[in-house]
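Listed below in structure tokens is the structure:
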């Protein structure tokens, strides 16, 4: 089904987008086509090389420009703290929800869920996201972004600790509901927090830095959790992910409390 959807989108892109449209036989260039002179071919090749060099320079300039803007952003304590906790959050989420959760649910020696039951679990978690986003956004505005981040990470790490001890569907549903609630809080609070701590001119780069930290965490978390599960077992790997996130949450809470006390003085 998923493969069919991708094929359909690919066909639609080729029909609709100019960049991917199929060229007619009259627009195609073949190696044996000698209509163009040697001078024109050399000139075109030179132009392509210059264009490629320009693109390479532009890409390098863009990367250097981004890094030059990220460096001063990381000197802002609140920005640095939320970027780091976001990296740990995505590392834990990639290792637990994306890598270990389907394996734990379908383990023949454990819960032994069918594919339909696993789909229902993920559907229920998505439903919590859909229904909980407006409510959590309002709650976070009232309780504060830092409290929202700490609460979301706590809910998430707690559900990771509990899941290996679940033995039936109702227990899994309750645990994954708490899991999804924590993820819902973390989909809103960190972005709002980092936006509040930078100027409008720097907000786009701050969010880009924030997302990049999450991507790096996703990469390392999925790889580490899978390797950890192979060496030990899936329950231990899930507990390790929860412990990592809980430790990062404690660090973030401490840094936030110290920062708030310093700002008051």
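Numbering (this note's numbering), first residue to last: -5 to 259.
By construction, the Cβ of each residue, glycine as well, lies at the ideal position given by its N, Cα and C atoms.
Residues of the same chain with a CB within less than 6 Å of the CB of residue 183, apart from the 5 flanking positions on each side, are 134, 139, 142, 143 in chain order. Look at residue 105 here: in three-state DSSP terms it is coil, with no helix or strand label. Residue 169 is a Cβ neighbour of residue 160, given a cutoff of 8 Å. Rounded to whole angstroms, the separation of the alpha carbons of residue 234 and residue 105 is 20 Å. Annotation: residue 176 to residue 150 spans about 5 Å, alpha carbon to alpha carbon. Less than 8 Å separates the beta-carbon of residue 229 from that of residue 158. For residue 174, the enclosing alpha helix (DSSP H) begins and ends at 163 to 180. Here DSSP, grouped into helix, strand and coil, assigns residue 138 to coil. Residue 118 and residue 96 have their C-alpha atoms spaced approximately 14 Å apart. Between residue 214 and residue 64, the C-beta gap is not smaller than 8 Å, which leaves the two residues out of contact.
Within the region 176 to 232, the complete alpha helix (DSSP H) segments at least 4 residues long are 183 to 190, 197 to 225, listed from N- to C-terminus. Comparing alpha carbon positions, the residue from 126, 103, 99 closest to residue 114 is 99. Distance from the CA of residue 122 to the CA of residue 153, rounded to the nearest whole angstrom, comes to 15 Å.
Separation of residue 89 and residue 225 (C-alpha to C-alpha, rounded to the nearest whole angstrom) is 14 Å. Ranking 220, 93, 107, 212 by CA distance to the CA of residue 79 puts 212 first. Within its own chain, the residues whose Cβ lies closer than 8 Å to the Cβ of residue 196, once the five positions on either side in sequence are excluded, are 63, 67, listed in chain order. In the three-state reduction of the DSSP assignment, residue 69 falls in the coil class, being assigned neither a helical nor a strand state.
A buried status is given to residue 188, since no fewer than 16 other beta-carbon atoms sit within 10 Å of its beta-carbon. Here the C-alpha atom of residue 171 lies approximately 27 Å from the C-alpha atom of residue 221.
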